[in-house]
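Protein chains: 2
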Amino acid sequence: MSADAPAGYDPHAFAPFAVTVDLAVFTVRDSRLHVLLVERGADPYKGHWALPGGFVLPRESAESAARRELAEETGLTEGTVSAFHLEQLRTYSDPDRDPRMRVVSVAYAALVPDLPEPRGGGDAASAQWWDAKTPGPLAFDHDRILADAHDRIGAKLEYSCLATAFCPPEFTLGELQQVYETVWGVELDRPNFRRKVLTTPGFVQAVAGSPRRTGGRGKPAALYRAGAATALHPPLLRPEGRST
Amino acid sequence: MSADAPAGYDPHAFAPFAVTVDLAVFTVRDSRLHVLLVERGADPYKGHWALPGGFVLPRESAESAARRELAEETGLTEGTVSAFHLEQLRTYSDPDRDPRMRVVSVAYAALVPDLPEPRGGGDAASAQWWDAKTPGPLAFDHDRILADAHDRIGAKLEYSCLATAFCPPEFTLGELQQVYETVWGVELDRPNFRRKVLTTPGFVQAVAGSPRRTGGRGKPAALYRAGAATALHPPLLRPEGRST
DNA sequence: TCCTTAATAGTCATTCTGACTATAAAGGAG
DNA sequence: CTCCTTTATAGTCAGAATGACTATTAAGGA
Numbered sequence: 079m080s081a082d083a084p085a086g087y088d089p090h091a092f093a094p095f096a097v098t099v100d101l102a103v104f105t106v107r108d109s110r111l112h113v114l115l116v117e118r119g120a121d122p123y124k125g126h127w128a129l130p131g132g133f134v135l136p137r138e139s140a141e142s143a144a145r146r147e148l149a150e151e152t153g154l155t156e157g158t159v160s161a162f163h164l165e166q167l168r169t170y171s172d173p174d175r176d177p178r179m180r181v182v183s184v185a186y187a188a189l190v191p192d193l194p195e196p197r198g199g200g201d202a203a204s205a206q207w208w209d210a211k212t213p214g215p216l217a218f219d220h221d222r223i224l225a226d227a228h229d230r231i232g233a234k235l236e237y238s239c240l241a242t243a244f245c246p247p248e249f250t251l252g253e254l255q256q257v258y259e260t261v262w263g264v265e266l267d268r269p270n271f272r273r274k275v276l277t278t279p280g281f282v283q284a285v286a287g288s289p290r291r292t293g294g295r296g297k298p299a300a301l302y303r304a305g306a307a308t309a310l311h312p313p314l315l316r317p318e319g320r321s322t
Numbered sequence: 079m080s081a082d083a084p085a086g087y088d089p090h091a092f093a094p095f096a097v098t099v100d101l102a103v104f105t106v107r108d109s110r111l112h113v114l115l116v117e118r119g120a121d122p123y124k125g126h127w128a129l130p131g132g133f134v135l136p137r138e139s140a141e142s143a144a145r146r147e148l149a150e151e152t153g154l155t156e157g158t159v160s161a162f163h164l165e166q167l168r169t170y171s172d173p174d175r176d177p178r179m180r181v182v183s184v185a186y187a188a189l190v191p192d193l194p195e196p197r198g199g200g201d202a203a204s205a206q207w208w209d210a211k212t213p214g215p216l217a218f219d220h221d222r223i224l225a226d227a228h229d230r231i232g233a234k235l236e237y238s239c240l241a242t243a244f245c246p247p248e249f250t251l252g253e254l255q256q257v258y259e260t261v262w263g264v265e266l267d268r269p270n271f272r273r274k275v276l277t278t279p280g281f282v283q284a285v286a287g288s289p290r291r292t293g294g295r296g297k298p299a300a301l302y303r304a305g306a307a308t309a310l311h312p313p314l315l316r317p318e319g320r321s322t
């Protein structure tokens, strides 16, 4: 911030703002984009599904709060979760977005590989994966947040190497292509996709010397790991125009 | 937000969060990128320069607060300012970013055409344009915010038609190219830039029939207005790698 | 032993881009 | 008035990148 506080400012009397984080946790499973949702147990929107999230604690940054919530909702350790891609999306601050009080929420998008069904170790034991395209009406403004998150991820796949964040440590180019096709909702030409990925320095690197069979049928595919590059130059553009 | 409030939650007792907005207001002037700064009059960082900003009011969204501050600091009416490009950058929430109390700040970037020297109608009468590349150490974490804002704008010029936001209603292609060169800090080939802009449908549209002379010397340039397009497909990539 | 499936290797034309060269239309210096 | 400089605009050409295809290879299953 930068403006001077109002004269005689008393934090406890002036700003009844609560600050929360909301998480859009995405994964690719069965060729469909999934998002982690929790069922609300308390009154505003009780029974509705919502993005996982929670309050930012007094001595914690929003980033830390998001990482903490991610661990709680997925039931994984903070150590495991620290390897996942987590990025700030934007902040939602409409005065009426929460009927109870003034809540400003910093939204994050997380990209995780296909995980086992979440065993909620945190407060929301009812966390569950939902298809990201048809998750009924969510609580609060979470439909909007989810849509924004989906848009952002789709756009970032174009000019970053982010897609590998959806994959396990070792993956095939077919799996990587699936990520693009799933998030964008389009089909890509396989040879062209290969060429683009393999000629972009640092996007992926081949694993020593071991192919594996995917579903069993077809020629075994070579395995790759995520490379050191983060940006994609030139970008891998979506077929049509923008947005999904 | 989504998590349920802690049991027995009392907004006034629990969360002494203040929420502010900070603005990185950019303009291109004399072939250099400028940013609007204000001199702090009160104690934390008194005498330092800072990004303009202020508290989000109890019944106001961060977006509205940013628009309001933009009008105050530039000394223009809200009506005038509503035409300027204003976009949310990201939110800064480090617990110690303000020594006085817990302040979460939503940062915005604004792009304005070359304006007359600001006559601060608001609280900070000392608003002034500074070269965006060398604005000494700023108050709080504003150096970081400014750097992030510069990066974001530079990146958006690649795949959006945003550059016209820096130009007056009617402009020459030379002026538009100046925007790119100034923000990116590189020189572009003029014929190639022309070709790219003119062949991108909706980027610019020619004004009826009237050239004008720029500085006086040289062949008069044709005038254009911003077109209807917002995205740039394919993008106009920077010469080298990413970031500035 | 065929058939199907999926991975991988190429080809070819089109588009886009970067690096240039050429021409046109102003103002300024002599 | 005539060069000279400056800036806008037109056009050329080779190389890179992309989209649309056509093989070929290596599995599993009927």
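Protein chains in written order, with this note's numbering: chain Z, 79 to 322; chain Y, 79 to 322.
Heads up, the beta-carbon is just placed ideally off N, CA and C, and yes, glycines get one too.
Based on Cα-Cα distance, which residue from the options lies nearest to residue i?
i, options, result
"F244/Z", "L167/Z, D172/Z, L193/Z, G157/Z", "L193/Z"
"Y302/Z", "L276/Z, E165/Z, P317/Z, V113/Z", "L276/Z"
"G214/Y", "A241/Y, D108/Y, V113/Y", "V113/Y"
"V103/Y", "G305/Y, A233/Y, L167/Y", "L167/Y"
"S142/Z", "P173/Y, R230/Y, G153/Y", "P173/Y"
"G305/Y", "G252/Y, E248/Y, K297/Y", "E248/Y"
"E359/Z", "Q206/Z, A120/Z, V181/Z, V182/Z", "Lying before the first or after the last residue shown, residue 359/Z is absent from chain Z, which here runs from 79 to 322."
"L314/Y", "L251/Y, D226/Y, Y258/Y", "Y258/Y"
"V285/Z", "K297/Z, T278/Z, L189/Z, T250/Z", "T250/Z"
"D226/Y", "K297/Y, E165/Y, S160/Y", "E165/Y"
"I223/Z", "E195/Z, A241/Z, Y186/Z, K234/Z", "Y186/Z"
"L154/Y", "V181/Y, E195/Y, K234/Y", "E195/Y"
By Cβ distance below 7 Å, which residues in the same chain neighbour residue i in space, the five residues on each side in sequence not counted?
i, result
"F218/Y", "Y123, A128, R175, D176"
"R295/Z", "none"
"M179/Z", "P94, A96"
"P191/Y", "T105, F244, C245, P246"
"Q255/Y", "L266, R268, F271"
Is it buried or exposed, residue i, if we count other Cβ atoms within 10 angstroms and call 16 or more buried?
i, result
"Q283/Z", "exposed"
"R145/Z", "buried"
"D38/Y", "Outside the displayed range of chain Y (79 to 322) lies residue 38/Y, so it cannot be described from this structure."
"V264/Y", "exposed"
"R273/Y", "exposed"
"S330/Y", "An answer regarding residue 330/Y cannot be provided, because it is not within the stretch 79 to 322 covered by chain Y."
"E156/Z", "exposed"
"T171/Z", "As written in the sequence, residue 171/Z is Ser, which differs from the Thr given in the question. S171/Z is buried by the Cβ-count criterion."
"H228/Y", "buried"
"L135/Y", "exposed"
"T323/Y", "Coverage of chain Y is limited to positions 79 through 322, which leaves residue 323/Y absent and any answer about it impossible."
"P130/Z", "buried"
"R137/Y", "exposed"
"G132/Z", "buried"
"E318/Y", "exposed"
"R316/Y", "buried"
"H311/Z", "exposed"
"E326/Z", "Residue 326/Z lies beyond the range of chain Z shown here (79 to 322); nothing can be said about it."
"E253/Z", "buried"
Considering only DSSP beta bridges, list what residue i is partnered with.
i, result
"W207/Z", "L114/Z"
"G132/Z", "V99/Z"
"Q166/Z", "Y186/Z"
"V264/Z", "Answer is none; V264/Z lacks a bridge partner."
"V282/Z", "A304/Z"
"T105/Y", "H112/Y"
"F218/Z", "The partner list for F218/Z (beta bridge, DSSP) is empty, contrary to what the question assumes."
"V181/Y", "A96/Y"
"F249/Y", "Y302/Y"
"A309/Z", "S238/Z"
"R290/Y", "A299/Y"
Which same chain residues end up closer than 8 Å to residue i when comparing Cβ atoms and leaving out the 5 residues on each side of it in sequence?
i, result
"R110/Y", "D209, A210, K211, T260"
"A309/Y", "Y237, S238, C239"
"R118/Z", "K124, G125, H126, W127, A128, A217"
Could you name the residues of the same chain whose beta carbon sits closer than 6 Å to that of residue i, not counting the 5 residues immediately before and after it, in chain order?
i, result
"A202/Z", "Low per-residue confidence applies at A202/Z: pLDDT is 48, beneath 50, and the placement is therefore not dependable enough to give any value."
"V184/Y", "V99, A140, T169"
"A307/Y", "C239, G280, F281"
"T242/Z", "A304"
"H220/Y", "A128, L129"
At a CB distance below 9 Å, what residues from the region 252-281 of chain Z approach chain Y? Give them in sequence order.
The region 252-281 of chain Z vs chain Y, Cβ under 9 Å: nothing.
Note down, in chain order, all residues in the region 160-173 of chain Z with a beta-carbon under 8 Å from any beta-carbon belonging to chain Y.
Answer in chain order: Q166, R168, T169, S171, D172, P173.
What residues from the region 133-145 of chain Z come within 8 Å of chain Y, judged by C-beta to C-beta, listed N to C?
Contact annotation: in the region 133-145 of chain Z, residues whose CB is within less than 8 Å of a CB in chain Y are F133, V134, P136, R137, E138, S139, A140, E141.
Cβ-based contacts, 8 Å cut-off: residues of the region 102-118 of chain Y near chain Z:
Here the close residues are V116, R118.
Taking any Cβ of chain Z, which residues in the region 210-235 of chain Y have a Cβ under 7 Å from it, in chain order?
Listed by position along the chain: A217, F218, H220.
Which residues of the region 295-306 of chain Z have a Cβ closer than 7 Å to any Cβ of chain Y? Give them in chain order.
Answer in chain order: no residues at all.
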